[in-house]
Each structure stands twice: as C-alpha cells, then as structure tokens.
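Scroll down for the structure; my scribbles are underneath it.
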Amino acid sequence: MLVSEALDLRVLQDLIGGDDELLAEFVESFRTSSDELVARLREAAGQGRWESVADAAHSLKSSARSVGAMALADRSLALERWGRGAEKDESLASELLNNFEVEWRRVQTALQQVQIYLSERR
Numbered sequence: 253m254l255v256s257e258a259l260d261l262r263v264l265q266d267l268i269g270g271d272d273e274l275l276a277e278f279v280e281s282f283r284t285s286s287d288e289l290v291a292r293l294r295e296a297a298g299q300g301r302w303e304s305v306a307d308a309a310h311s312l313k314s315s316a317r318s319v320g321a322m323a324l325a326d327r328s329l330a331l332e333r334w335g336r337g338a339e340k341d342e343s344l345a346s347e348l349l350n351n352f353e354v355e356w357r358r359v360q361t362a363l364q365q366v367q368i369y370l371s372e373r374r
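Letter by letter, the sequence shown follows residues 253 to 374 of the working numbering.
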C-alpha cells in the first residue's frame, strides 16, 4: 500500500525504518509544508513572478523526493528551470503548470490513502 504511481514511500521508509508513527508524522509534515509551497507557487504564477515560482518549485522538489513523489519532483524541477530561464514562453508556462497540477492532485490522493492505511494499522 505504500507504493503507487504517484508516491513510493519506500524511499522514506528506507530513511526512517519501519516506524509507522514516525512515517505518519513525516507524511503529515510533507502535506502541510507542500500545501504552503504550492499555495506560494500558485500565487506567484498568477502574478507572473517567475523567480518566486522557481524558488517554491525548488523547495517542493526536494521535499517531494524525500517522500518518494518522484514525478512531482520532476514537474517541480521543470518549473524551477523555466522560472530561472531567460526566455519566458507563456504557453510553455501554462503547460508546465498544468502538468504540475495534475501530478500534485495525484500525490495528494496517494497521501490521503497512505494516511488512511497508517491509521487502520494502529
């Protein structure tokens, strides 16, 4: 149950061991911090502040990798690179943001499933 297309918590389990309580804390911490980062990213994108988009995407990329959300980390990296790049093709920005949002929703769904799974094991 700790592996899905959007999330591979074996990455985090390898880091912390088999402690379900600690795993639940890390998952909740990621959800909270990533919610804040995504809100910042969305706000910055809506205002055309691409350097701020890149900063939020950079932070989210690292967090996503730590919990095994590799596709989300990849989407974040693409946004980070685009935000820091010299050329600003708005249609590409729209595509990158859309791809990011799709993956973000998949990760959120996976995280909810993990939290249910962990609560049932207690």
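We put the beta carbon where it would ideally sit given N, CA and C, even for glycine.
For S256, which residues from the same chain have a beta carbon less than 6 Å from its beta carbon, with the 5 sequence-adjacent residues on both sides left out? Here residue 256 refers to the residue found at position 4 of the sequence shown. Taken in chain order, the residues that qualify are A362.
Is it buried or exposed for M253, if we count other Cβ within 10 angstroms and need 16 for buried? Stepping through the sequence shown from its first residue, residue 253 is reached at position 1. With a pLDDT of 48 at M253, under the threshold of 50, the modelled position of that residue is not reliable, and the figure given next carries that caveat. Its Cβ having fewer than 16 others within 10 Å, M253 is exposed.
Select from L331, A296, Q299 and D272 the residue whose C-alpha is nearest the C-alpha of Y369. Looking up residue 369 in the sequence shown gives position 117. Nearest of L331, A296, Q299 and D272 to Y369, Cα basis: D272.
What three-state label does DSSP hand K340 in the structure shown? Locating residue 340 in the sequence shown gives position 88, where the first residue counts as 1. Of the three classes helix, strand and coil, the one that applies to K340 here is coil, per DSSP.
Spatially closest choice to L259 from D287, A325 and S281, by CA coordinates: As a working note, residue 259 is residue 7 in the sequence shown. Closest by alpha carbon: A325.
Nearest neighbour of S328, chosen from V354, S343 and K340 [CA to CA]: Position 76 of the sequence shown, counted from the start, is the residue given in the question as residue 328. It is V354 whose Cα lies nearest to the Cα of S328.
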